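>
There are 2 protein chains.
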Amino acid sequence: MYNNPLKQILHPKSLALVGAGKKPTKMGTLHALSIVKDGYPGAFYPIHPREETVFGRRAYKSVYDLPEVPDLAMLVVPVEQVLQLLDDFGKIGTKYAVIVTAGFRESGLHGQKQEDKLKEIAARYGIRFLGPNCIGFINSELPLNITVFPGTGKPGRLGMISQSGTYITQTLSYLKNKGIHFSKAISVGNEANIDIVDALEYLGQDEQTSAISLYIEGIKNGRRFIDVAQRITPYKPVLAQYVGGSGAGARAGMSHTGSMGGPEFLYEGIFKQAGVIQSFGIEDLYAQGWALATQPVLKGNRVAVITNSGGPGTAISHVCETGGLDVPRFSDELQHEIKQHVLSHASCANPVDMTFHLNDKILSRVIPEIIIKSGEVDGLILHGAMSHGFMREIYPRIKEMVGGLTLEQFLEMNAPDMSKAVELPKKYNFPLLVSSFFGREDNYTSAYRDNEIPVFDSPEKAAKAMATLFQYKKIRERKALFPAAELPARQLQVAAILDNAVRNGRRSLDEYESKQVLAAYGIPVTKEKLVLSEDEAVSAALSLGYPVVLKGCSPEIAHKTEKGLVHLSLKNESEVRQAYRAVTAVAQQIPVLVSEMVQGNRELLAGMTRFPGFGPCLMFGLGGIFAEAIRDFAFRAAPLSDTEAEEMTGDLLSARILGEYRGLPAANVAALSSIIRTLGSISLIHPEITELDINPLIISGSQPVAVDALVILSAEHD
Amino acid sequence: MYNNPLKQILHPKSLALVGAGKKPTKMGTLHALSIVKDGYPGAFYPIHPREETVFGRRAYKSVYDLPEVPDLAMLVVPVEQVLQLLDDFGKIGTKYAVIVTAGFRESGLHGQKQEDKLKEIAARYGIRFLGPNCIGFINSELPLNITVFPGTGKPGRLGMISQSGTYITQTLSYLKNKGIHFSKAISVGNEANIDIVDALEYLGQDEQTSAISLYIEGIKNGRRFIDVAQRITPYKPVLAQYVGGSGAGARAGMSHTGSMGGPEFLYEGIFKQAGVIQSFGIEDLYAQGWALATQPVLKGNRVAVITNSGGPGTAISHVCETGGLDVPRFSDELQHEIKQHVLSHASCANPVDMTFHLNDKILSRVIPEIIIKSGEVDGLILHGAMSHGFMREIYPRIKEMVGGLTLEQFLEMNAPDMSKAVELPKKYNFPLLVSSFFGREDNYTSAYRDNEIPVFDSPEKAAKAMATLFQYKKIRERKALFPAAELPARQLQVAAILDNAVRNGRRSLDEYESKQVLAAYGIPVTKEKLVLSEDEAVSAALSLGYPVVLKGCSPEIAHKTEKGLVHLSLKNESEVRQAYRAVTAVAQQIPVLVSEMVQGNRELLAGMTRFPGFGPCLMFGLGGIFAEAIRDFAFRAAPLSDTEAEEMTGDLLSARILGEYRGLPAANVAALSSIIRTLGSISLIHPEITELDINPLIISGSQPVAVDALVILSAEHD
C-alpha cells in the first residue's frame, strides 16, 4: 500500500508554528507570513511565549496550550530548543513535523549528535519529519506555502524537490515571470527522517504533478532512488541536476546539508538507469521540466521550425539536429500551401523563415495550423511572435505619427486576438515550444506563458527543450525493466575460495582464483591451468592446444606485462619452456598460469565497485592499454535487469565497435549483458567482495571472454 | 596600412536613404525612424519620389536632386530597383553603401546573377558595400542606428558581427534589460562585397570595442578569418557561435544568407587555431562576451564564491571546477576574518554561504572586499545580493505591518547605498560576476548592470562566464604564432611523381609513391623496397633486417588487411617466401612492398582534406582500427606555425597517451608537430593533391613513423 508521510505533511488540517513573532526580518515571522498571506485554508496556531497574536491570529504560549492537536508542527527556533519542542509535540500526539532550524549534521560533530537525538525522539513518538535545515514546502493545490517567500501563485504542474531551499523560495518571482508554476515544491534539508526518495515517491503519485524536477547534492539511498524512479518514469518525466561530483562542490554540499555525493560519472549512469533526464543547470531544471509538464508527449522526432528571422531558425535547426531530432524538408504540397501566406522571398522548406514582418497572426496561428494538420512533423518550435514588446520600444519614437494615441491606446490597437494561437497544443495534442527575446512586456510572451506554453528567451533553449521531449519519448518506450531477474544460487566453491582468502588475511584473489569465481557463475573465462614446474607447463600447453599464454600468477604483483611476467602467443614447447624460465627468473616463488591464447581485436573491460548509498555498482567500458586515456565507460547500480545491462552496453561513445565493424562480426551483446549482470549478482551474493575487475574482456569472434580478472576483498573481514 | 571600408561606412558625415516613406509598418520607414530618432548627428537625406518630407526631414525626388554627394547610400527598395540605384549613386560619386534589400544570392540562381551584377556595378565605381540582405548596423559611438529597431541605448563595449540581422535588432530590448551595450553591431548579410572578416578586422582596431562576438552560419574566406583573428585575440577576446554544421542548419543558412558552412569539427578546430572562444548559443555570445568586455583579465584560476544560499554556491563551485577553475579552501586566517561578519552556522571556507539573511552590505561589499584583499583568489562570483526584488514581493503582504508606507517609501527604506559595492572590480582591477534570480525590479541587479558588472540569471551561467574569462587568459598566454614558418623548397622528385600520375589519369598514388612524397619533405616513413620477384623480396628483407612486413602495393585495392595482402612480423626467409606467394596468389600483377616492421602500441593518424574557403585542412587523431568509432581528432587549416601544430597534438581527448604512459616513453611531440606542419606545406606546394592520409602513424619508441600513406589527386587535373 502507498503510504507516504508527505501526503499528510503537505495537506495538514491544522498547523502549529513555533518561532514566528512580529519582526518581519525574522525568519519564523516570514514563514508565518507565507502561511497566512498565501491563503492556507486550515487552522493555523502560532506559538509564542509573549505575543498575543501573530498576523492577527491568536498565538499560544506553549505546545500544551493549543486548542487541538495539530496535524503538523513546524519549528523555526534556535537549535537548542528543537529537541524539547519536538518532544512536546510528540507528547501531545502530533505525528508530523517540519524542522527549519539549521545547525545539525551540516555543522559538524556536535550537530550530528543533536540530529541523532532528534531522530530518537521522532522514533519514540512515531513522528515523521522534514528537515532539519530545510526551508519548508509549497503546496499550490491546498494552498499552503510554509517557506520564507510568499508568492505561491496559481496552481501548476511542475513538482520540485530540492536539497537547497533557495530553489523553492528565491526563485518564486523568477518562475512566476516565466509562467512556470509548481504543483508541489519540497525542500528536504538534511533528510534526517524523510528523504529525497520519499519526496520523489510522493510526487510520482501526486495527480497534480505532471513532471518532477530534482536538485541533488547527494543521494543517501541510491538503490531505492533507482527503484522508485524506475516506477515513475514510464508515465511521468523526472529531471535531475547533480552538483556534488567535484571537490569544492562536494565540500559545499557537505557544509550545506551534510550530504555526501559521489562521482559525476556514477550519477550520470544512475540517472540513465532510473530513466531520469539529467539537467546541468537550475534554469534547465525549471524550463525543461515545465516543457515536459505542460506539453503532450512527442510522437516522433520530426520538428517544424517557424520564424520571422533566419538566424534563430538556423540556430534552432542546428540544436535540434544535435539533439537527435530531424527538421525535415517539407513536401512540395505543404511548401506550396505555406507560400500563399508569406512574402515571395520567404523560405518555406522548414525552417519556415517569414523574414521580418509584423503580421503575427500568420506566424502564430495560420502557418502553425497548416503544418500541424499536414502530419509531416511531430512537434513545432516558433520564434518571433511579438507585438507589444516592439510597440513599446517604438512608441516614444512615433508618438507624433500616431496622433494623440496614448501608449495604452497604441498597444490596444496592436493587440491581436491570440486565443486561437494559444489553443493549438491542446486542440491538436501537439507539442509547441516558443522562443522570444521579449519577456512579459510583450503580449505574445504573456499569452503563451499564461496558457502553459513555454516561452524560452533564446532559440537554442527552445530547441534543447524539444530534444528533451524527445529524450522522454524514448524513456517511455524503454523495454520493460520488471521483474528483475532473480539472483542465481550461491555457489559453494566460490564461498570456499573467498573464506579461505579472508581467513588468510588476504585482500585479493589471484588471477586464477578470480576467474574461478567468475566461471562458477557462468562467466566465460580463458581455459587455463595453474602449474608449478616447467614440465607441467608444457603438458598444460599441450592439453590446451597452441598457441598459449604464460603468466606469473600472484595477486601481489601489479603491472605484470611491464615486469616481463606475461608471455603471449607461445607457439611450441621450446617457446613455453623459455617463457617459463623467464617468468620464474623474475619471480621465483610464484605459480605460473598457462592459458589458451584468446584472439580478438576488441578489448573491453567490466567491473564492480561499491559506492556508499548505491551498493555494488557495475562498470563497462573500452579496455586495453588506452582505456585510462580514453575513459569511455558506463556505470549502473546492481542488480540489473536484462534491459538495463543491454542499455549499458549501448552507452559507450564507441558502442559501434560492438556491431559489425570493419570486417569483425557483431559482438554477442546478450552474452556481454549477461556478464555485466552476473558481476552484479556475484557482488550481491558475496558482500566480502569490494571490487571486481575483468580487464581485458576480449571479444573473440563474437563471444566475450574474461582474459584477466581481479577480485578485491573487504578489509572489514580481516 | 589599415584601411577598412567599415570605418567610413559606420561614420558617415552624410547619409542618403532610399525606401523610407510615411507608413510605419514599412521597413524602409523603420530604418529611417532609427536614424532620425536615435540621434544621428550627420546630414540625413531621405529620397522619395512623392513625399516632401520623411520624419520632418526634407525628402529628395532622386539621387540626382541631393544637395551634396552623401558619404553613405542606403537602399531599402524592391530588388528590381537596386541595380539602377547603385549605379546612380556611383555616378554622383558615393563610395559606400548599405544594401538592405533581400532576394539576391539566397533566393536562387536568378538572385545570384543579380548579385553578380551588383558586384560589377560596385567595382565599376569603386563602391564598397554592406549586404545585400542585411539589416544594417549600429554605431553607438556616433550614434547611428540604421536598423529597423530603434533603441541604440548608451554606448557600450561589446562589438557584435552577425550573419543574422535579428541579433542586432530583435534583441535590443533584451540586451538593454541585461545591461549589455554594443559598441558597434554589424549585420553582414550576403557579404557580396564586405564580409565578416572585414568586419572582424574593423572591430579588432576599434577602440570602443573591448570584446567581439560573432554569429556565424558559414565563413567564405576561412584562411583570412584565422589570420585576422589570430592578430586580434592576443589583446581582444573574440567569441563565435557556429550553426551551419548540420543538415537543416546548413539548408537554413543557405536560404538565409546564401552561406555555405562546413562540418562542426572543422569550425571547432579553426576557432581554436584562431584563438576564438566557441559559444553554443546566442545567450552565451552576448553574456559571456559582455563579461569579457567589461571585466579585467583573470590572473589565475582561483575563484571565490560568496552566496546567501547553499544550492547556488554548490552549483557555482561545481561548474567552476568542471571549467578548469579552482575554488580553493580559504586559509584559516581568512576564514576567521569572514566569520566576524556572518552567523555562527554560516560556512566560511569557500564557498562562503552566509545562509538566508537580509543584510546585503555584508554580502555585497564587506566580505568581497576582505576576500579580494586577501590575495587568495583571482576572481569572485557573488550570488544572492537582493533587496527590492524581495521587498516588492513581500510588500503587499506586510502593508499593515509597515504602517502607512507606500511601496515607494518602503523600497526607499530598504535601498542601501551600493555605490561602493559596484566599484569593487575597478577599484581592485578584479573580475566580479554576479548571479541573481531577480531582474531589474531589484535594485542590486540594476545597480550592477548599470555599472558594467554582468548579472546572470542562474548561478551556473555566472560560473561558466568565469570559466570563459579563464579560457581567455590562456588564449592571451599562447606562445607566439608569428612569424609562421616559411614553406620548404618545392621538391622536384615529388613534382615528377605527381605529374606522372596525373598524366596517366590516376586519382591516387600507391603506398610506395605516397611515402616517397612524404619522405622527400622529411616525414619519417618506414624503410622499404618495392620488389617484383620472390628473390628480390628475400634480399630486400635481408638488407632491411628482420622482422619485415610484406604488402601488396596498389592504389586500386582498399582494405588490404582484410583481403590477405598484408603480412606482418615475418621473421625469416621462409616466412617471407610464403608471404610473397600468398600476396601474389591474391593479386597477380601488383608489385610487392617489403618494409621494416615498426613496433609501437600507439597508433595515430594524420591527414589533409581541402574544405571550400579554408584550403588544405589538417587532421590529427587517434588511429588504429577503432579510430572511426572513437573519433578523437583535431582539425586546423594550413599553414601551421610550430605553436599551432603543437597545440593540435594537445587537443585530443586522449592526449595523455602522448606523454609517458603505462611504461611507454613520451612521444616526440616536436616530431609529431613537424609531420602535421609538413603535411600542410606539401598541400600548399602541390595543389593537385586533394587528400593526404597517414594511417597509421605509429609511435615507435618515442618517434613517430608513417607506416601507411595515401595521396589522392584532384580530378581537375585529368
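Each protein sequence line maps, in turn, to chains X and G.
Taken in order, the first sequence gives residues 1 to 718; the numbers are from this note's numbering.
Taken in order, the second sequence gives residues 719 to 1436; the numbers are from this note's numbering.
Beta carbons: idealized from backbone N, C-alpha and C, even for Gly.
For clarity, every value in this text was computed on a predicted model and none was experimentally measured.
Between the alpha carbons of G/His899 and G/Arg875, how many angstroms are there, rounded?
Counting from one through the second sequence, the residue named residue 899 of chain G turns up at place 181. Counting from one through the second sequence, the residue named residue 875 of chain G turns up at place 157. Going from the Cα of G/His899 to the Cα of G/Arg875 covers about 6 angstroms.
> Can you pull the chain G neighbours of X/Val669, defined as C-beta to C-beta under 8 angstroms?
For the purposes of this step, residue 669 of chain X is taken as residue 669 along the first sequence, with counting starting at 1. Correct list: empty, because the minimum Cβ distance to chain G is about 15 angstroms.
> What separation, rounded to the nearest whole angstrom, lies between the Cα atoms of G/Ile1079 and X/Arg397?
Here residue 1079 of chain G refers to the residue found at position 361 of the second sequence. Here residue 397 of chain X refers to the residue found at position 397 of the first sequence. Correcting the residue identity first, residue 1079 of chain G is Lys in this sequence and not Ile. Their Cα atoms are separated by approximately 40 angstroms.
> Would you mind listing the alpha helix (DSSP H) stretches within the region 610–695 of chain X that are 4+ residues and don't spill past its ends, in chain order?
Fully enclosed alpha helix (DSSP H) runs of 4 or longer: 627–630, 642–649, 669–685.
> For chain X, check one thing: does any of its Cβ atoms lie closer than 8 angstroms to the Cβ of G/Glu1448?
With chain G represented from 719 up to 1436, any question about residue 1448 of chain G goes unanswered, as that position is not in the structure.
> How close, in whole Å, do the beta carbons of X/Thr294 and X/Glu452 come, if the pair is a contact with beta carbons under 8 angstroms?
As a position in the first sequence, residue 294 of chain X is number 294, starting the count at 1. As a position in the first sequence, residue 452 of chain X is number 452, starting the count at 1. Rounded, the Cβ-Cβ distance is 4 angstroms, consistent with contact.
> Contact criterion: CB-CB distance below 8 angstroms. Does G/Thr1073 meet it with respect to chain X?
Within the second sequence, numbered from 1, the residue matching residue 1073 of chain G stands at position 355. Closer than 8 angstroms to some Cβ of chain X, the Cβ of G/Thr1073 qualifies, so yes.
> Give the residues of chain G in contact with X/Lys399, contact being defined as C-beta atoms less than 7 angstroms apart.
Position 399 of the first sequence, counted from the first residue, corresponds to residue 399 of chain X. Ordered by position in chain G, no residue passes the 7 angstroms Cβ test against X/Lys399, which lies about 10 angstroms from the chain.
> Buried or exposed for G/Leu1428, going by 16 or more other Cβ atoms inside 10 Å?
Within the second sequence, numbered from 1, the residue matching residue 1428 of chain G stands at position 710. Buried is the call here.
> Is X/Tyr174 close to chain G, meaning its C-beta is less than 8 angstroms from at least one C-beta of that chain?
Here residue 174 of chain X refers to the residue found at position 174 when the first sequence is read from its first residue. Taking Cβ atoms only, chain G reaches closer than 8 angstroms to X/Tyr174, which makes this a yes.
> Under the DSSP definition of a beta bridge, which residues are partnered with X/Ser347?
Looking up residue 347 of chain X in the first sequence gives position 347. Its beta-bridge partners are X/Asp353.
> Residues of chain G with CB closer than 8 angstroms to the CB of X/Glu393, please, in chain order.
Sequence index remark: in the first sequence, residue 393 of chain X carries index 393 (1-based). Per Cβ cutoff of 8 angstroms: Phe867, Pro868, Gly869, Leu890, Ser891.
> Out of curiosity, what's the CA-to-CA distance linking X/Glu556 and X/Asp693?
Locating residue 556 of chain X in the first sequence gives position 556, counting from the first residue. Locating residue 693 of chain X in the first sequence gives position 693, counting from the first residue. If I take the Cα positions, the gap works out to 15 angstroms.
> May I ask you to report which of helix, strand or coil DSSP gives X/Ala587?
Along the first sequence, one-based indexing puts residue 587 of chain X at 587. Correct three-state label for X/Ala587: coil.
> By the three-class DSSP mapping on this structure, what secondary structure does X/Tyr45 have?
As a working mapping, residue 45 of chain X is identified with position 45 in the first sequence. The answer is strand: DSSP assigns X/Tyr45 an E or B state.
> Rounded to whole angstroms, what is the Cα-Cα separation between X/Glu400 and G/Thr747?
Within the first sequence, numbered from 1, the residue matching residue 400 of chain X stands at position 400. Within the second sequence, numbered from 1, the residue matching residue 747 of chain G stands at position 29. Each residue's Cα considered, the two are about 14 angstroms apart.
> Out of curiosity, what's the CA-to-CA distance linking X/Leu684 and X/Pro616?
For the purposes of this step, residue 684 of chain X is taken as the residue at position 684 of the first sequence. For the purposes of this step, residue 616 of chain X is taken as the residue at position 616 of the first sequence. Those two C-alpha atoms are separated by around 7 angstroms.
> At 7 angstroms on the CB atoms, spell out the chain G contacts of X/Glu217, in chain order.
Looking up residue 217 of chain X in the first sequence gives position 217. Those are Thr1032, listed as they occur along chain G.
> In terms of residue numbering, what span does the alpha helix (DSSP H) encompassing X/Thr29 cover?
The residue you call residue 29 of chain X lines up with position 29 of the first sequence. From DSSP, the alpha helix (DSSP H) with X/Thr29 extends over 27–37.
> What do you reckon, are the CB atoms on G/Leu1322 and G/Leu1415 nearer than 8 angstroms?
Residue mapping note: residue 1322 of chain G aligns to position 604 of the second sequence, counting from 1. Residue mapping note: residue 1415 of chain G aligns to position 697 of the second sequence, counting from 1. It is a contact, given that the beta carbons lie within the stated cut-off.
> Whole-angstrom Cβ separation of G/Ala1180 and G/Ser1153, contact assumed at under 8 angstroms?
Locating residue 1180 of chain G in the second sequence gives position 462, counting from the first residue. Locating residue 1153 of chain G in the second sequence gives position 435, counting from the first residue. Between G/Ser1153 and G/Ala1180 the Cβ distance is about 4 angstroms, and since that is below 8 angstroms, they are a contact.
> Are X/Leu10 and X/Asn139 touching if we call contact CB-CB under 8 angstroms?
Here residue 10 of chain X refers to the residue found at position 10 of the first sequence. Here residue 139 of chain X refers to the residue found at position 139 of the first sequence. Their beta carbons are under 8 angstroms apart, which means X/Leu10 touches X/Asn139 by this criterion.
> Report yes or no: is there a C-beta of chain X within less than 8 angstroms of the C-beta of G/Lys755?
One-based indexing of the second sequence puts residue 755 of chain G at position 37. Yes, G/Lys755 lies at the interface with chain X (some Cβ there is under 8 angstroms from its Cβ).
> If we define contact as Cβ-Cβ less than 8 angstroms, is G/Arg1224 a contact residue for chain X?
Against the second sequence, residue 1224 of chain G aligns to sequence position 506. Not closer than 8 angstroms to any Cβ of chain X, the Cβ of G/Arg1224 fails to qualify, so no.
> What in chain G is Cβ-close to X/Ile161, meaning under 7 angstroms?
For the purposes of this step, residue 161 of chain X is taken as residue 161 along the first sequence, with counting starting at 1. Those do not exist, as X/Ile161 stays about 12 angstroms from chain G at its closest Cβ, beyond 7 angstroms.
> Any Cβ of chain G within less than 8 angstroms of the Cβ of X/Glu321?
The residue you call residue 321 of chain X lines up with position 321 of the first sequence. X/Glu321 counts as touching chain G.
> Does G/Phe855 come out as helix, strand or coil in the three-state DSSP assignment?
Here residue 855 of chain G refers to the residue found at position 137 when the second sequence is read from its first residue. G/Phe855 falls in the strand class under three-state DSSP.
> Pick helix, strand or coil for G/Ala917, following the three-state DSSP scheme.
The count along the second sequence starts at 1 and reaches residue 917 of chain G at position 199. Reduced to three states, the DSSP call for G/Ala917 is helix.
> At 3 residues or longer, what runs of the beta strand (DSSP E) sit wholly inside the region 1208–1296 of chain G?
1246–1249, 1266–1270, 1284–1288, all fully within the region 1208–1296 of chain G.
> Could you check what DSSP says for X/Ser213 in three-state terms: helix, strand or coil?
Locating residue 213 of chain X in the first sequence gives position 213, counting from the first residue. If DSSP states are grouped into helix, strand and coil, X/Ser213 belongs with the strands.
> Under a CB-based cut-off of 8 angstroms, is G/Pro742 close to chain X?
Numbered from 1 along the second sequence, position 24 holds the residue referred to as residue 742 of chain G. Chain X, which has a Cβ nearer than 8 angstroms to the Cβ of G/Pro742, makes this yes.
> Nearest to X/Val494 by CA position, among X/Arg476, X/Pro132, X/Glu688, is which residue?
Within the first sequence, residue 494 of chain X is the residue found at index 494, counting from 1. Here the closest residue by C-alpha is X/Glu688.
> Pairing CB atoms from the region 1372–1387 of chain G with CB atoms from the region 1281–1291 of chain G, are three or more of them under 8 angstroms?
The region 1372–1387 of chain G vs the region 1281–1291 of chain G: no contact.
> DSSP on G/Ile937, reduced to helix/strand/coil?
On the second sequence, residue 937 of chain G is found 219 positions in, with the first residue counted as 1. It is coil, neither helix nor strand.
> Along chain X, which residues have their Cβ under 7 angstroms away from the Cβ of G/Phe1344?
Within the second sequence, numbered from 1, the residue matching residue 1344 of chain G stands at position 626. Simply Ser654, Ile657.
> Does any residue of chain G have a CB that is nearer than 8 angstroms to the CB of X/Pro459?
The count along the first sequence starts at 1 and reaches residue 459 of chain X at position 459. It does; some Cβ of chain G falls within 8 angstroms.
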